[in-house]
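Protein chains in written order, with the numbering used here: chain D, 5 to 349; chain L, 5 to 349; chain B, 5 to 349; chain R, 5 to 349.
Data first, discussion second: the structure below is written as structure tokens.
Protein chains: 4
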Amino acid sequence: MAILGGTGYGAGELLRLLTQHPDVDIVSVQSSSQSGNSVSSVHPNLHGILDARFEAEISFEKLRSYDQAFVFSALPHGVSAETLIPLVEKLETEPHIKLIDLSGEFRLQDENLRTEFYPTFKEKGLSFLKFVHGVSELFTGEIRSARLVANPGCFALTSILALAPFCKNSNAEHIAVDGKSGTSGAGRAPNSFFHHPEAHANTRAYKILEHRHEPEIRQALGSAPSLSFVPHVIPASRGIFITAHVLLGEELAKNLDQQTLDAWYRNFYADAPFVRLREESPQIANVIGSNFCDIHVVLRGRVLVAVSASDNLIKGMAGTAIQNMNLMAGIDQTTGLLSPGLRVI
Amino acid sequence: MAILGGTGYGAGELLRLLTQHPDVDIVSVQSSSQSGNSVSSVHPNLHGILDARFEAEISFEKLRSYDQAFVFSALPHGVSAETLIPLVEKLETEPHIKLIDLSGEFRLQDENLRTEFYPTFKEKGLSFLKFVHGVSELFTGEIRSARLVANPGCFALTSILALAPFCKNSNAEHIAVDGKSGTSGAGRAPNSFFHHPEAHANTRAYKILEHRHEPEIRQALGSAPSLSFVPHVIPASRGIFITAHVLLGEELAKNLDQQTLDAWYRNFYADAPFVRLREESPQIANVIGSNFCDIHVVLRGRVLVAVSASDNLIKGMAGTAIQNMNLMAGIDQTTGLLSPGLRVI
Amino acid sequence: MAILGGTGYGAGELLRLLTQHPDVDIVSVQSSSQSGNSVSSVHPNLHGILDARFEAEISFEKLRSYDQAFVFSALPHGVSAETLIPLVEKLETEPHIKLIDLSGEFRLQDENLRTEFYPTFKEKGLSFLKFVHGVSELFTGEIRSARLVANPGCFALTSILALAPFCKNSNAEHIAVDGKSGTSGAGRAPNSFFHHPEAHANTRAYKILEHRHEPEIRQALGSAPSLSFVPHVIPASRGIFITAHVLLGEELAKNLDQQTLDAWYRNFYADAPFVRLREESPQIANVIGSNFCDIHVVLRGRVLVAVSASDNLIKGMAGTAIQNMNLMAGIDQTTGLLSPGLRVI
Amino acid sequence: MAILGGTGYGAGELLRLLTQHPDVDIVSVQSSSQSGNSVSSVHPNLHGILDARFEAEISFEKLRSYDQAFVFSALPHGVSAETLIPLVEKLETEPHIKLIDLSGEFRLQDENLRTEFYPTFKEKGLSFLKFVHGVSELFTGEIRSARLVANPGCFALTSILALAPFCKNSNAEHIAVDGKSGTSGAGRAPNSFFHHPEAHANTRAYKILEHRHEPEIRQALGSAPSLSFVPHVIPASRGIFITAHVLLGEELAKNLDQQTLDAWYRNFYADAPFVRLREESPQIANVIGSNFCDIHVVLRGRVLVAVSASDNLIKGMAGTAIQNMNLMAGIDQTTGLLSPGLRVI
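What follows is the structure, given as structure tokens:
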């Protein structure tokens, strides 16, 4: 497989995980800015493990020697669509290659929403390409047969997994999603908000009620629920914690009990190897370094609270991308992904 | 003034701040477990500043030499009521002494709620004493004339300040309060949840929909709103960040605009020296080390989000206790409290 | 293989790594306190990966069904020797079982030093058993043919690796080793020094010039150098950083240059897959989650500085134990250990 | 007083502390980049406390209305000398104004060393101005009568205080100083080393044996000892911890005992209100937020270890600058500086 945009944190995690994947060769790691330099100079944890150099262009030549090949695009929003639209055209002549995009630009299936939340689309007059939304647990079948997958956003995925079993079975008056993320979600480029002395013991909300992952969550939950989203940065590096505050209608509140609710979740995730239903609150420390998402649900009167935790760079990014690759490749979706998290970090 | 239970973090902050207060003598610092030891052996930041020893009992003798004296009780829940009820009786013969309790046991004004959330009351057959709820910004007048004040909980206070201007002016369909606290809120006693390797990069919810500060928030907001509360521990040591997700009725949503909302907040806090209304999200780092609470409000359709940040051990505890003391003593409420936070921590 | 004392952080890392080892079955996980409980209740990162329960005793029955079996002892100092001495006797009738001890009690080869630094030995009249000191890079041959291995201490190992190439080739006037460790080195039991609000932004030295790892370092470096050691706790959870300040004699200083020094290190570690020589200072973040030790050496006049970094729970503990197991089992020493660290933590 | 270069962390701390100083008016805060903006927009902890705007130039006009005035220069190295040299000339006509420079450029008293370690001096052909080295505890008399003071470096000051009593009384074979600093020492400008996800759980050495504070330490200790210095960045934001490993000559080692050593330190610091001699290792958490430096010394055979801790932005910067101002102004050196640290941070 090959990676476009190989220098960011997401690409680093893809590379780290793929060095452990039994069925994958890392064929080509592209970077415009680092072309010619060793991959381990940018990702020093790979020193002594991955002996490769960044290339200016992906080598399709090399990819052709495989029966099946994957290109992961880990380009930033804004650059991604521009680069991928011509690439998708090119792929018509490379039928054995499939594409998984980790940026946000192809996630929204509604053209208006996409151009609203990713305005470069409109500005640059880019064409609307349909990618399958890569929520492995919800769109498993579509992903299996897809050639183009748009990997979900980290906040979005962790929220969607917390809410999908409820939303499939019922409706809420309103869902207020409170998202807490470590700083690595902002990527590798330094800026003053993430300067260590500023971020080290800090917490703040940002893009209150105007974050791009809100329409993505709504889209995946299907019924277009009344839903609002407020993201926060907490002083961890890795990890996402979602608290979904669900207000039930009076009728529903009378008829729903914890037991039924738990059964909805158990059934929904019966075949999901990376979702762990817990009897108490998840903890970020239990999932960091792993592809698991831990979920817990509590009901009291008209209020239901669903909490979930994942590693934003793994389940929320590179791990899900590999899980989707496994599905698209027709192999066990857990291949190369069953390593436990570090717990003590 | 004197402190009952002088070893905890709240007592440490009281002592730290009171060494800077121009009108206060620290007369007596009580501790059962540390009696005879120097105060700076437990609070090493006071070494070279406060040269005092813990005493087994508060010295009323010494307090009598002042025209006006305050006892702060920083005893843990459970011990507090048991100790304070006989003390209050004793105070009838010490008319110049006033009492500020930092525990939770006297905060709830409704007898049923108090015995439900602080069960030792019932078990021990303790009598119901009425303390004024020490939210300095809301109950200023009552506090000024009170002899007994129950200092508010840290989550409760920061939530109340975020919501009071809205609740005074209007009603919500539902308010979901999402609270995030640093680890110091759990106090000084070590346990495995707060063991550094477990807590250092962790985040979790706890007591979901069953935390004691929920009825306290409702009580202070007056109209007994439909309100739910979920607390979290984030990997900071100090600081509380509150995100109140407010669902408005359709009628209200049509008629309310951001300008009106902002005016409600400005007017409500016109005379509140420690509330700072901000034009963007508060940050814990902007308030740590200070008695300020920073607040910001955003409105979009039927959803209003109020966010607030405070230092849980200062505005959420010792600072508010001193602010209340100032009010009760008839001096400027900011006396000794106007030092800025550290910002870079 | 089986683990004695399966609840601590070292045992947790052993289990985490062994679930990824292609040639190992986890047969029996012993714990006195948790017997009967699921392993994942104590190590929640293993939930969904390792479905086992703690047992009161190791099952030798089950170990007998393997050609070759290993017992790892992760008991605390003090309990370890007492338990292992009878076990070693028992092993005489179980010739296919080998033992790797992760405690400190069998590391020192000199009887006087051992009873000085591990006084329970003397108090309890325990017999002196000789274990091979498990520094995989230095005592490779002895470890390969050993049945009893005493895994090195985390500070000791990281210091030894930084200094061995120099000490093998030359002598110093004095070596001052400055060790910095994350908090997880202190183990799982909570105490006030490691209570999050106390440890979160703190740094301190401890056991200045009287830490047990000092004689262990001296022993491994062979020539019994003039060496002093000061350990510190820094506000990380994982990771050890060693700074060895070496004072050279005047003669040596005149004759040694950086090039020669670098060659000593390159040659010494030519066959060491887990030592990475770096051209700039190592960083803890580059090794956390991995079995690597990164080293860098600088020479200026009479002063040589050797710096090294490792993950205290992996290279400093469980990873080295597995590396030693691989050596003792006659398989490639890197088996199951080549996963990269997380880098962004 | 006035500040040149008012946007950095050091300036922020100066402003924070000076708002608490009873005898100081903040007259003018200069910044080229932020001229016209409110000071609290850059230092948000001052919001509601300091109502001032950055000015393009210091207003000497306003300073003239005071009997005595101070200019603090918190400009970065490189810009500082260039700006201050003409300013010093100007001060000849403003005899009531004194200058305290927080940059490094005027600290070294030897012209060759200064141009070696601060090369812009040479490149720009700047003239050599003599400032008094502002180590308040060592050069108290000179500072009292100085008009130009070069505030010491944070690593340098904390090292000097740890070693001065020993060096005044005796000589060492060699002193290896191991310095550990939080990230705020690097200042406000973001870069990838201090990007939160990279720095959050990291530790590394840097400028090994080539840091500018090494000659500064040597200079202050007077006897030009054999001394080497290795700085490190640890994952705290504030705080410096120094471990000085001192190798004694054999003769001295025979004659020196802990009691004598302790007496040297007690006598040396008998009149130093901000040095606290401790009976165990200092902790950064005990000094953060304060102007104290805590020191502890241990002797064993030929090895003496002196450890010290301070807040790099206060005792290591702004606090010492104010202490020097107090000395130069002829008032009690503790004025405005006796607030305890936060302890729980």
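The C-beta atom is built at its ideal place from N, Cα and C for all residues, glycine as well.
Given the structure is predicted, the values throughout are model-derived calculations rather than measurements.
Within the same chain, Cβ atoms closer than 7 Å to the Cβ of D/Gly-305 are found at Ala-257, the five residues on either side in sequence being excluded.
Under the DSSP definition of a beta bridge, L/His-137 partners with L/Ala-154. In this structure, D/Glu-86 sits away from D/Gly-157, with a CB-CB distance that is not shorter than 8 Å. The segment 171 to 184 of chain R makes no contact with the segment 214 to 230 of chain B: fewer than 3 CB pairs, one atom from each, lie closer than 8 Å. By a beta-carbon distance limit of 8 Å, D/Leu-50 does not contact B/Pro-277. Their separation comes to about 15 Å.
The segment 312 to 326 of chain D and the segment 109 to 129 of chain D do not touch, with fewer than three beta-carbon pairs separated by less than 8 Å.
Within 8 Å of the CB of L/Ala-228, no CB atom of chain D is found; the nearest one sits about 14 Å away. Residue contact check for D/Ala-224 against chain R: no CB pair falls below 8 Å. Short of 6 Å from the beta carbon of L/Ala-160, and not among the five residues preceding or following it, lie these beta carbons of its own chain, in chain order: His-217, Glu-220, Ile-221. Around the beta-carbon of R/Thr-187, 16 or more other beta-carbon atoms lie within 10 Å, marking it buried. For R/Gly-323, the enclosing alpha helix (DSSP H) starts and ends at 323 to 333. Interface annotation for the segment 270 to 303 of chain D against chain B: Arg-280, Asn-290, Gly-293, Ser-294, Phe-296, criterion Cβ-Cβ distance under 7 Å. Under DSSP, no beta-bridge partner is assigned to L/Thr-338. Around the beta carbon of B/Gln-263, fewer than 16 other beta carbons lie within 10 angstroms, which makes this residue exposed. Nearest to L/Ser-35 by C-alpha distance, out of L/Asn-290, L/Ala-15, L/Val-348, L/Ile-53, is L/Ala-15. Put simply, the backbone Cα of R/Tyr-269 is about 54 Å away from that of L/Phe-125. The alpha-carbon separation between B/Thr-247 and R/Val-234 amounts to approximately 8 Å. In the structure shown, D/Val-31 falls within a coil segment according to DSSP collapsed to helix, strand and coil. Non-local beta-carbon contacts of B/Leu-21 in its own chain, meaning distances under 8 Å to residues more than five positions away in sequence, involve Ile-318, Ala-322, Gly-323, Ile-326, Gly-340, Leu-341 in chain order. Between D/Asp-298 and D/Arg-282 a beta carbon distance of about 5 Å is seen, short of the 8 Å cut, so the two are scored as contacting. Residues of the segment 173 to 206 of chain B whose Cβ lies closer than 9 Å to any Cβ of chain R, in chain order: Glu-177, His-178, Ala-180, Val-181, Asp-182, Lys-184, Gly-186, Pro-201, Glu-202, Ala-203, His-204, Ala-205, Asn-206. D/Gln-38 sits away from D/Phe-64, with the two beta carbons spaced by 8 Å or more.
The C-beta of R/Ser-36 comes no closer than 8 Å to any C-beta of chain D. One thing to note: L/Gly-183 has its Cβ within 8 Å of the Cβ of L/Ile-244. Scanning its chain for C-beta atoms nearer than 8 Å, with the 5 sequence neighbours on each side dropped, one finds around B/Leu-19 the residues Ile-7, Gly-10, Ile-30, Val-33, Val-43, His-47, Leu-50, Leu-54, in chain order. Cβ-Cβ distances below 6 Å link L/Asn-295 to Phe-278, Ile-318, Lys-319, Gly-323, Leu-341 in the same chain, with the five nearest sequence neighbours on each side left out; the list follows chain order.
For the segment 238 to 262 of chain R, the residues whose beta carbon sits under 8 Å from a beta carbon of chain B are, in order, Ile-238, Pro-239, Ala-240, Ser-241, Arg-242, Gly-243, Phe-245, Thr-247, His-249, Leu-251. Closer than 8 Å to the CB of B/Ser-343 there is not a single CB belonging to chain R. Contact check for R/Ser-107 and R/Val-181: beta-carbon distance about 22 Å, past the 8 Å limit, so the pair fails to qualify. Residue burial is scored here from C-beta neighbours: D/Thr-97 has fewer than 16 other C-beta atoms within 10 angstroms and is therefore classed as exposed. It is roughly 19 Å from the alpha-carbon of L/Asp-275 to the alpha-carbon of L/His-137. Residue contact check for B/Leu-213 against chain R: a CB pair falls below 8 Å. In this structure D/Ala-289 touches L/Glu-202 by the C-beta definition: roughly 7 Å separates them, less than 8 Å.
Within the same chain, and ignoring the five residues on either side of L/Asn-330 in sequence, the residues whose Cβ sits closer than 6 Å to its Cβ are Gln-337, Thr-339. Contact annotation for B/Tyr-70 against chain D: no contact, minimum CB-CB distance about 23 Å [criterion: below 8 Å]. Taking a beta-carbon distance threshold of 8 Å, D/Ser-232 counts as an interface residue toward chain L.
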